[in-house]
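So the mapping is simple: our numbering equals the position in the sequence shown, first residue as 1, plus 54.
Every residue, glycine too, gets a C-beta built ideally from N, C-alpha and C.
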Amino acid sequence: MEERVDYIPRYEYERLESDYRRLRRKYEETEAYKADLEKLVSKARSPPLDCGFVVEKTEEGAIVNLNGALKALPYGTLTAEEIGELQEGKYVFIGRIPDRNNPSGFTIGITKVYDRMVDLEVGEIEELRKDDDEDGWIAEISTGKGRGRLYKKLREEDKEMVKEGMKVGLL
């Protein structure tokens, strides 16, 4: 028996070779892109950095109390439903989220809503007076709920931040 060999014309062979090289380059670019994307995703899935509670919701994010400091943080990876259910006093996890302004960078934002709440009360400073025994000050705070008054000792630098009639958050 005689084997039949099909010959490919030269122009067809060159076209196929060119297509092969083009597809090979595309594949290598895609693999590099995939590797970069996996790095970004692994960073985005890193464990939360901290936990705080929402003091106030805004359009683009929320004011969150992180260890006593107030920070304005974007909503990050929260869904529209989670943002709708988010309320003042709700605990949230803070973590790394992709930065909108820098595609390869990260920023800090809210990553998840926790199921616990903190009871936020607001009081008003009725009176500030000098502490007789020590160098500090005493703030008399009214909560307006018929429970009487709360008294808080203040250091000199704390006293500079508050004044009579000012609203303060109570935990």
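Query raised in the report: How would you call F127, buried or exposed, if buried means at least 16 neighbouring beta carbons within 10 angstroms?
Result: Counting from one through the sequence shown, the residue named residue 127 turns up at place 73. One point to set straight first is that residue 127 is Leu, not Phe, in the sequence displayed. When all chains shown are included, L127 counts as buried.
**Report entry** Buried/exposed call for I62, threshold 16 Cβ in 10 Å
**Finding:** For the purposes of this step, residue 62 is taken as the residue at position 8 of the sequence shown. With fewer than 16 other beta carbons inside 10 angstroms of its own, I62 counts as exposed.
Query - Spatially closest choice to K93 from G177, P152, R209, by CA coordinates - result: Position 39 of the sequence shown holds residue 93. Ranking G177, P152, R209 by Cα distance to K93 puts P152 first.
Report task. Could you tell me which of G198, E110, C105, K213 sits nearest to Y145, measuring between CA atoms? Result -> As a working mapping, residue 145 is identified with position 91 in the sequence shown. When each option's Cα is compared against that of Y145, the closest is C105.
Report task. State whether the stretch 147 to 161 contacts the stretch 174 to 194, with contact taken as three or more CB pairs (one from each stretch) at a distance under 8 Å. Result -> They do not touch, by the three-pair rule.
Query - Candidates M171, G149, E210: closest to E139 by CA position - result: Stepping through the sequence shown from its first residue, residue 139 is reached at position 85. Closest option to E139, Cα to Cα, is M171.
Report task. Thinking D189 and E210 are a contact (beta carbons under 8 Å), I'd like their distance in whole angstroms, please. Result -> Position 135 of the sequence shown holds residue 189. Position 156 of the sequence shown holds residue 210. Confirmed, Cβ separation roughly 7 Å.
Report task. Would you mind working out which of G143, L208, P157 sits nearest Y87, comparing C-alpha positions? Result -> Within the sequence shown, residue 87 is the residue found at index 33, counting from 1. Of G143, L208, P157, the residue nearest in Cα terms is P157.
Requested in this report: Assuming A193 and V176 form a contact by the criterion Cβ under 8 Å, report the distance between their Cβ atoms to the nearest whole angstrom.
Outcome: On the sequence shown, residue 193 is found 139 positions in, with the first residue counted as 1. On the sequence shown, residue 176 is found 122 positions in, with the first residue counted as 1. That pair is no contact at about 14 Å.
Query - Backbone secondary structure at E233 - three-state DSSP - result: Residue 233 falls outside the range modelled here, since the chain spans only 55 to 225, and no answer is possible.
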